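Following: one structure in structure tokens, then a few remarks.
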Amino acid sequence: MPSSAPASLLARIAARHGTPVWVYDAEVIRGQIALLAGFGVIRYAQKANPNLHILRLMRESGALVDAVSAGELERAIAAGFDPRSEIVYTADILDREALERVLATGVPVNAGSPQMLEQVGARAPGHPVWLRINPGFGHGHSRKTNTGGEGSKHGIWHENLGEGYDLISRHGLELRGLHMHIGSGADYEHLGRVADAMLRTVRDCPFEVRSISAGGGLPIAEDRHEARAQIAQHLRRWERVRDIVAKERGIAPVVEVEPGRFLVAQAGTLVTTVRARKMQGQTEFVLVDAGFNDLIRPAMYGADHPMSVLSPDGVWRDKAPRPMLVAGPLCESGDVFTQDPQGVVRPVALSPPQIDDLIAIHDVGAYGASMSSNYNSRPLATEVLVDGDSVEVIRRRQTIEELMALEISGVTLMAR
Ligand SMILES: *Cc1c(COP(=O)(O)O)cnc(C)c1O
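Under the numbering used here, think of the first position of the sequence shown as 15, with each following residue one higher.
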């Protein structure tokens with residue numbers, strides 16, 4: 015079974031805290047961090063899983079952090095990261111709230127548009143900045159996770175960097191580094207091309223380049239040896255860039271890597287309860303109590319998450335698997351966990367579950383809870399962190415009352 019936590023523990027957590035419930039394994043996260051130890055900086059892209067307890071775990075393990083909104087900046091600070099030296103704010107715009115917080119905290123801004131440089135420079139000459147560069151190509155596990163190339167909104171276009179450099183000079187901004195992130199779940203061939211593009215960019219840069227970021231997007235591998243070999247090769251390509259720059263410019267830039275999914279995906283399991291089974295013609299459906307309001311990756315990207323069935327008392331069921339569709343409770347036809355990227359249902363082989371059996375959906379630690387919504391007025395699910403013998407609730411379940419509490423009445427905004 016591809017689960018990090020044993021079946022008996024998942025079943026006990028489900029019995030105690032109800033389902034759906036997210037279960038994360040701290041040791042898996044530490045193991046992934048260790049795989050990247052050769053990089054100068056590991057900067058966790060917290061949008062993958064921004065729970066404060068996960069952020070603290072990252073910090074204790076030596077990782078730094080990326081923030082992409084005012085909310086993520088507050089989270090990183092609450093988790094103990096120093097905004098001036100340990101957080102970078104990466105985005106393509108600065109909304110007004112974010113601009114104020116960026117200026118107040120001094121967090122370096124990784125600018126994906128020239129306007130960000132202008133808006134920061136006009137208010138705070140000398141502020142530290144990075145340039146997020148769109149190298150003209152991208153790649154991801156899905157069309158929707160490609161963040162480079164002409165069709166992507168991200169980054170300053172590689173041919174327009176001159177404008178960025180001019181703005182840095184005009185406002186006396188302090189250039190901290192150059193950054194490229196081409197997509198989530200890219201392959202190592204495309205990630206390797208990023209290193210070549212970075213070398214060309216550094217050579218043309220009129221400023222000293224102290225840091226270069228390889229971005230995130232590292233794919234996850236089932237096999238640890240394979241992961242180790244892939245990372246070693248990726249690191250070598252970036253160390254080569256670092257060493258060439260050191261020779262040509264006399265200063266070796268720090269090489270950063272900025273993964274989200276790689277660090278947390280395999281640490282997470284979503285445990286759900288089977289509540290109905292039915293045949294629709296020849297097609298067998300298993301209906302569970304988690305929906306795309308909890309885990310949207312299958313509906314949004316056609317992401318394929320392995321699943322396993324376990325009894326309520328925590329024994330894996332692996333007998334006589336047959337093709338089934340697994341779907342959720344939402345009033346929405348796309349609420350199916352087994353579908354391809356075109357939205358066509360894709361049966362998976364599962365051992366037939368009984369009602370009130372559990373289904374563990376694996377590798378959901380990244381972009382799982384962080385992309386959950388309240389669709390169909392379903393509350394956000396509980397999150398649990400397992401760390402050796404310790405089992406801790408790191409987010410309690412939201413209540414319906416909390417949902418409705420935002421919808422206050424009697425506040426007159428203005429006269430028409
Ligand atoms: C999302 C994101 C990442 C992380 O992507 P993963 O695929 O989760 O590794 C890194 N950098 C930036 C700027 C991002 O937006």
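Positions of the beta carbon are idealized from the N, C-alpha and C atoms, including for glycine.
In this text the structure is predicted, and so the values were computed from the model without any measurement.
Contact belief for residue i with residue j at Cβ below 8 Å, rounded distance in angstroms
i      : j      : result
Arg44  : Pro64  : Actually they do not touch by this definition, with Cβ atoms about 18 Å apart.
Gly316 : Asp354 : 5 Å
Gly152 : Gly197 : 5 Å
Val9   : Pro122 : Since the first and last residues shown for the chain are 15 and 430, residue 9 lies out of range.
Ala28  : Leu372 : 6 Å
Phe351 : Ile375 : 7 Å
Thr33  : Thr286 : 5 Å
Arg73  : Ala93  : 6 Å
Asn307 : Ser384 : Asn307 to Ser384, Cβ: 13 Å. No contact.
Gly169 : Ile147 : 5 Å
Asp349 : Gly305 : 5 Å
Ser8   : Gly328 : Nothing about residue 8 can be read from this structure; the chain reaches only from 15 to 430.
Val268 : Arg224 : 7 Å
Limits of the alpha helix (DSSP H) - the one that residue i falls within
i      : result
Ala59  : From DSSP, Ala59 is part of no alpha helix (DSSP H) but of the beta strand (DSSP E) over 55-59.
Val42  : 40-49
Ala125 : Looking at the DSSP string, Ala125 is not in any alpha helix (DSSP H); the run it does join, the beta strand (DSSP E), is 123-125.
Thr119 : 110-119
Leu87  : 84-92
Ala419 : 414-419
Ser183 : 175-184
Ser404 : No alpha helix (DSSP H) contains Ser404, which is instead part of the beta strand (DSSP E) from 404-409.
Glu397 : No alpha helix (DSSP H) contains Glu397, which is instead part of the beta strand (DSSP E) from 396-401.
His67  : 66-74
Ser22  : 21-31
Endpoints, the beta strand (DSSP E) within which residue i is located
i      : result
Met130 : Met130 -> not in any beta strand (DSSP E); alpha helix (DSSP H) instead, spanning 128-137.
Tyr103 : 101-105
Val271 : 268-271
Arg190 : 188-193
Ile375 : 372-376
Leu78  : 78-81
Arg146 : 142-148
Ala363 : 362-364
Residue burial classification, residue i (beta-carbon count within 10 angstroms, cutoff 16)
i      : result
Glu415 : exposed
Leu301 : buried
Ala363 : exposed
Pro273 : buried
Asp218 : exposed
Pro139 : exposed
Arg110 : exposed
Lys61  : buried
Asn174 : exposed
His239 : exposed
Pro149 : buried
Gln247 : exposed
Gln356 : exposed
Trp339 : Going by the sequence as given, residue 339 is Leu instead of Trp. Buried, by the Cβ-count rule.
Thr283 : buried
Leu420 : exposed
Val3   : Any question about residue 3 goes unanswered here, given that the chain covers just 15 to 430.
Glu262 : exposed
Gln294 : exposed
Met130 : buried
Within-8 Å CB hit, residue i to chain D
i     : result
Leu69 : Absence of chain D from the displayed structure is noted, only one protein chain being present.
Problem set entry | Complete alpha helix (DSSP H) runs within the region 197-238 (minimum length 4 residues, chain order) | 202-218
Problem set entry | Entirely enclosed alpha helix (DSSP H) segments - the region 278-359, minimum 4 residues | 311-315
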